[in-house]
Amino acid sequence: MEIVTAISGASGALYAQRFIQGLVAAGVNVHLVVSPWGRRLLRDELGMETLDVDALAGTKSHSITLHNYNDVGAKLASGSFLHDGMVIVPCSSNTLAEVSHGIGDNLIARAAAVTLKERRKLILVHREMPLSPIDVNNYKVLSDAGVILCPANPGFYLNPTTVGEVVDFVAGKLLDLVGVTHTMNTRWNPDAPRLSS
Ligand SMILES: Cc1cc2nc3c(=O)[nH]c(=O)nc-3n(C[C@H](O)[C@H](O)[C@H](O)COP(=O)(O)O)c2cc1C
């Protein structure tokens, strides 16, 4: 499997890291693009002074290919590159707006535009709160175009006790959406024991 993964400058670097770890663990080839603000985010939230794909993968990995954000001539920019889906995690309101308006002047936006025109799976993990009316309009445009909007919006019904469990709820959902098997705890089980109130 080939999955395009993009990191833009919205809060939630841990979601990207765990998603990528899930892909790598399942033997998926990951095509990674990180925006300049995404790099800043990796620094601020993960302490990554320079982009370290092995740290993102949690292991030394040969299955991650890092693509240049400014190279709109990279293979991801062409519909002839076959892949199994693209996930932008986390997705800023800026990138959300670029994708909803068909802008293609960087590799994240261009790869997303190509994914849409080829009618492949495109998933945006938008993170902003509250939503601006412009975000809401962009959601409508994107949803009508077939984009899966999967905001970073973890459920708490599994009674998480660590940040890692909260993150895995979202990362596991993303893996489900791209059809990758994982062991992260994301599923509602009405028979599981609950915390008493
Ligand atoms: C630490 C940090 C956190 C940010 N968090 C968000 C966020 O959660 N959502 C958002 O839409 N923008 C956020 N921003 C602002 C975006 O990074 C900014 O709009 C940038 O232009 C996005 O560019 P990109 O979409 O090319 O990555 C954040 C910026 C920084 C530095």
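Going by numbering that gives the first Met the number 0, the sequence shown opens with residue 0, and the numbers climb by one from there. Here a beta-carbon is modelled for each residue, glycine too, at the ideal position from N, C-alpha and C. Note that the structure is predicted; figures quoted are calculated from it, not measured.
Checking 8 Å against the spacing of the C-beta atoms, do residue i and residue j come in under that value?
{"i": "S79", "j": "N137", "result": "no"}
{"i": "P89", "j": "Y14", "result": "yes"}
{"i": "A5", "j": "I87", "result": "yes"}
{"i": "A9", "j": "S91", "result": "yes"}
{"i": "R38", "j": "L50", "result": "yes"}
Quick check on this structure: which residue in the options has the alpha carbon closest to the alpha carbon of residue i?
{"i": "L173", "options": "H125, E117, V140", "result": "H125"}
{"i": "E26", "options": "V179, I122, R186", "result": "Per the sequence presented here, residue 26 reads as Gly, with Glu not at that position. For G26, the nearest C-alpha among the options comes from V179."}
{"i": "G72", "options": "V146, A108, D83", "result": "A108"}
{"i": "H66", "options": "I2, E97, G101", "result": "I2"}
{"i": "G21", "options": "R39, G154, N188, N184", "result": "N184"}
{"i": "P35", "options": "E97, M0, N69, Q16", "result": "N69"}
Going along the chain, which residues of its own chain have a beta-carbon closer than 8 Å to the beta-carbon of residue i, five neighbours each way excluded?
{"i": "V23", "result": "V29, A56, G57, T58, S60, S62, I63"}
{"i": "V52", "result": "L31, S60, I63, L65"}
{"i": "P153", "result": "P159, V165, V166, F168, V169"}
In terms of residues, what are the limits of the beta strand (DSSP E) holding residue i?
{"i": "A5", "result": "1–6"}
{"i": "L31", "result": "28–33"}
{"i": "T64", "result": "63–66"}
{"i": "P132", "result": "First-last for P132: 132–143, but that is the alpha helix (DSSP H), not the beta strand (DSSP E)."}
What does the alpha-carbon distance come out to for the pair residue i and residue j?
{"i": "D175", "j": "E48", "result": "31 Å"}
{"i": "R119", "j": "D104", "result": "20 Å"}
{"i": "P132", "j": "V33", "result": "26 Å"}
{"i": "C149", "j": "H82", "result": "20 Å"}
{"i": "E44", "j": "A12", "result": "6 Å"}
{"i": "R193", "j": "H181", "result": "23 Å"}
{"i": "E127", "j": "T94", "result": "12 Å"}
{"i": "K74", "j": "G84", "result": "14 Å"}
{"i": "E97", "j": "D190", "result": "43 Å"}
{"i": "F18", "j": "W187", "result": "19 Å"}
{"i": "S7", "j": "I102", "result": "15 Å"}
Taking 7 Å as the limit between beta carbons, can you name the residues of its chain near residue i, skipping five residues before and five after?
{"i": "A144", "result": "L115"}
{"i": "A76", "result": "L106, R109, A110, V113"}
Give me, in chain order, the residues of the same chain whose beta-carbon lies closer than 6 Å to that of residue i; leave out the 5 immediate sequence neighbours on both sides.
{"i": "I122", "result": "V86, I147, C149, L176"}
{"i": "L41", "result": "A12, M47"}
Could you pull the start and end residues of the alpha helix (DSSP H) that residue i belongs to?
{"i": "V179", "result": "Unbroken run through V179: none, as it is neither H nor E."}
{"i": "V71", "result": "Element bounds for V71: n/a, residue is neither H nor E."}
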